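> Note that our numbering gives residue 391 to position 325 of the sequence shown, counting from 1, and the numbers run on in steps of one.
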Amino acid sequence: MVRRKRIGLMLWPAPGLDADFARGRWAEQVGFDDVWLPDAEGMQDPIALAATLAVATQRVRICTGVVPVFNRPAPILATSVSVIAHHAPGRFVLGLGSSTGNMVERWYGVPFQRPLTHVRETVQLLRQIFAGEKTAFSGTCLRSHGFRLQTLPTPAVPLHLGAMGPRMLQLAGELADGVVLNDFTPPDRLAFALEQLDIGAQRGGRRVEDLEIVKRRAYIVTSNAVEHAAAREFFRRHFAFYASAPAYQAVMLQLGYAAAVAEIRAGYAARDRARVTAAISDDMVSRIFLFGSAEQCHAQARADYAAGIDTLAMSPQADTAEAFASSAGVFAAAAFNPEPPARS
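1. Is the stretch 367-384 touching the stretch 322-335 in the sense that three or more CB pairs, one from each, lie closer than 8 Å?
2. Please report how far the alpha carbon of Arg255 lies from the alpha carbon of Gly358, in whole angstroms.
3. Could you give the residue range of the beta strand (DSSP E) that holds Leu162?
4. Since I believe Gln194 is in contact with Thr188 (beta carbons under 8 Å), could you give me their beta-carbon distance rounded to a whole number of angstroms?
5. With burial defined as no fewer than 16 other Cβ atoms inside 10 Å of the residue's Cβ, what is the status of Pro104: buried or exposed?
6. Ignore the nearest five residues each way along the sequence and tell me which others in Ala311's own chain have a CB closer than 8 Å to its CB.
7. With Phe203 as the anchor, note down where its beta strand (DSSP E) starts and where it stops.
8. For Phe301, which residues does DSSP report across the bridge?
9. Using the C-alpha atoms, what's the distance from Phe196 back to Ala340?
10. Closest to Gly271 by CA distance: which of Leu182, Ala242, Val287 and Asn290 is it?
11. In chain order, what residues of the same chain have a beta carbon less than 7 Å from the beta carbon of Ala259, not counting five sequence neighbours either side?
12. Beta carbon of Met350, beta carbon of Ala367: below 9 Å?
13. Taking one C-beta from the stretch 67-79 and one from the stretch 91-102 each time, how about it: are there three or more such pairs within less than 8 Å?
14. Going by DSSP, which residues form a beta bridge with Tyr174?
15. So, is Ser347 buried or exposed, given that buried needs 16 or more other C-beta atoms within 10 angstroms?
16. So within the stretch 242-272, which uninterrupted alpha helix (DSSP H) runs reach at least 4 residues, ignoring any that extend past its ends?
17. For Trp92, report the span of its alpha helix (DSSP H) as first-last.
18. In whole angstroms, what is the alpha-carbon distance linking Gly156 and Thr123?
19. Suppose you measure from the CA of Thr217 to the CA of Ser148; what does that come to, to the nearest Å?
20. By DSSP, does Thr130 sit in helix, in strand, or in coil?
21. Can you look up Ala151 in the DSSP assignment and give me helix, strand or coil?
22. What whole-angstrom Cβ distance do Gly239 and Asp264 have, given they're in contact under 8 Å?
23. Verify whether the separation of the beta carbon atoms of Phe301 and Ala284 is less than 9 Å.
24. I need the straight-line Cα distance from Ala309 to Ala116, nearest angstrom please.
25. Select from Gly175, Tyr174 and Ala222 the residue whose C-alpha is nearest the C-alpha of Leu192.
26. What separation, rounded to the nearest whole angstrom, lies between the Cα atoms of Val396 and Glu388?
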């Protein structure tokens, strides 16, 4: 299936960034195809924010990227989706994922057990609910009997899964309408991810081309050497934050960073943040994250499309509202064309 290349803006609804509701409306006005809503760090709830944007926009697609399956039972998710889809028919994508033990257990106080099975059963149960059936589901992790959604989404709401490792990628290929990759699927790892998605897709009689391939791209636009160095150090700290989670450490091992993971684990065990950060090399940062001039960021985005990405969810990294707005504008319709420039 040939899809039009889409460009989305990931909002970051934290205080002081002006990157929530009003920025979502702005994204539609300046030509973004999507707005993507994260679920992280105690920010505004993405489901609630999606509902407000559903009634305040007319064209832009609204997507969650991604909602953890552990803290929202599938019937509750379905009732939320019903509201959003009613006000934005054909414009909502429900992105789901397992999240990490750090979030699920430490923040929410919910046991983080059997994440692959929990994600699988959430998708299966949601499919049953969105088919209009009265639930009759007894799984390993989830149970629901006798629930029926009174207002069904029309058209059907696509279900996308956030995935990094081989087993979750295969599950996305098998059950989902799309996959949401993140920065820890770097460009040189994309072919492997597509292979794993295809393995799963074939279990359901499909191919990887039948899925929408989405990638979240955290980026910083720089204009000089000082800004470039600052961006590299920002992403080094960002990398260290992710590296505290076993799920990300597992991916780092798959990426060939065994020595760095050992040092990171030792640093966290000693509560030595400087040691953790020092374990992350410049090459690791440059492989995972995107930073450079606007032209360099555009070129990498086009390379992502050419390699098989259908939709980019661009996520500006900034500490002020002005910096967020400026970086977001670099990928607005008037500034960015997904197709490479024509040769003269």
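Virtual Cβ for every residue (Gly too), placed ideally from N, Cα, C. Remember, predicted model here, so these are calculated numbers, not experimental data.
Result, derived from the coordinates:
1. no
2. 21 Å
3. Phe158 to Gly163
4. The pair is not a contact, with the Cβ atoms about 11 Å apart (cut-off 8 Å).
5. buried
6. Thr166, Gly167 and Asn168
7. Ala202 to Ser204
8. In DSSP, Phe301 forms no bridge with anything.
9. 49 Å
10. Ala242
11. Leu235, Leu247 and Thr251
12. no
13. yes
14. Paired residue(s): none; Tyr174 is not in a bridge.
15. exposed
16. 256-269
17. Phe87 to Gln95
18. 13 Å
19. 6 Å
20. strand
21. helix
22. 6 Å
23. yes
24. 29 Å
25. Ala222
26. 13 Å
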